[in-house]
Amino acid sequence: MNYEVIIQPTAFLEIETAYRWMCDNTTPELANKWYYQFEDAIESLKKFPNRCTIAPEAKAIGREVRQLWIGKQRKYRVLFVVEEYIVAIIHVRHSHQSSIDETDEIL
Numbered sequence: 000m001n002y003e004v005i006i007q008p009t010a011f012l013e014i015e016t017a018y019r020w021m022c023d024n025t026t027p028e029l030a031n032k033w034y035y036q037f038e039d040a041i042e043s044l045k046k047f048p049n050r051c052t053i054a055p056e057a058k059a060i061g062r063e064v065r066q067l068w069i070g071k072q073r074k075y076r077v078l079f080v081v082e083e084y085i086v087a088i089i090h091v092r093h094s095h096q097s098s099i100d101e102t103d104e105i106l
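Start counting the sequence shown at 0; every next residue gets the next number (numbering that gives the first Met the number 0).
Okay, structure coming up:
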């Protein structure tokens with residue numbers, strides 16, 4: 000069974016911001032490599048999203064939010080919720096960014 004993966008507008012902006020920052024502060028090649036890793040990780044959520052651990056912020060938010068780390072260095076994590084057959088990506092955070100809380104948009 001495949002899940003449908005939806006990227007929420009807030010997460011889309013966070014992805015775009017991260018990619019542009021990498022283009023400006025590293026090299027386009029590294030930015031593209033990160034983006035392709037991100038795409039592969041998102042694609043993997045179509046099969047087994049519940050394999051990912053519950054995010055630490057889930058308890059504070061009061062909702063089952065899962066996390067998927069991107070890349071070998073685990074600098075970015077994808078925060079998402081699973082409802083029925085839909086995986087909704089709600090945030091993409093750098094490891095140095097603060098955790099999400101109940102004031103962040105989560106759906």
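Glycine is no exception: its CB is placed at the ideal position from the N, C-alpha and C atoms.
Note that the structure is predicted; figures quoted are calculated from it, not measured.
Relative to the alpha-carbon of residue i, which residue among the options has its alpha-carbon at the smallest distance?
{"i": "TYR75", "options": "THR25, ALA40, ILE6, PRO8", "result": "ALA40"}
{"i": "ARG50", "options": "VAL81, ASN24, ASP23, GLU56", "result": "VAL81"}
{"i": "TRP68", "options": "VAL77, GLY61, ARG62", "result": "VAL77"}
{"i": "TYR84", "options": "TYR18, VAL64, LYS45", "result": "LYS45"}
{"i": "HIS90", "options": "ARG19, ILE5, ASN31", "result": "ILE5"}
The beta strand (DSSP E) spanning residue i covers which residue range?
{"i": "GLN36", "result": "Segment 27 to 43 is the alpha helix (DSSP H) holding GLN36; no beta strand (DSSP E) there."}
Kindly indicate which three-state DSSP category residue i falls into: helix, strand or coil?
{"i": "GLU56", "result": "coil"}
{"i": "ARG50", "result": "helix"}
{"i": "GLU82", "result": "strand"}
{"i": "TYR2", "result": "coil"}
Please report the residue range of the alpha helix (DSSP H) in which residue i lies.
{"i": "PHE11", "result": "8 to 24"}
Name the one or two DSSP bridge partners that residue i has.
{"i": "ARG62", "result": "Bridge partners of ARG62: none, in fact."}
{"i": "ILE69", "result": "TYR75"}
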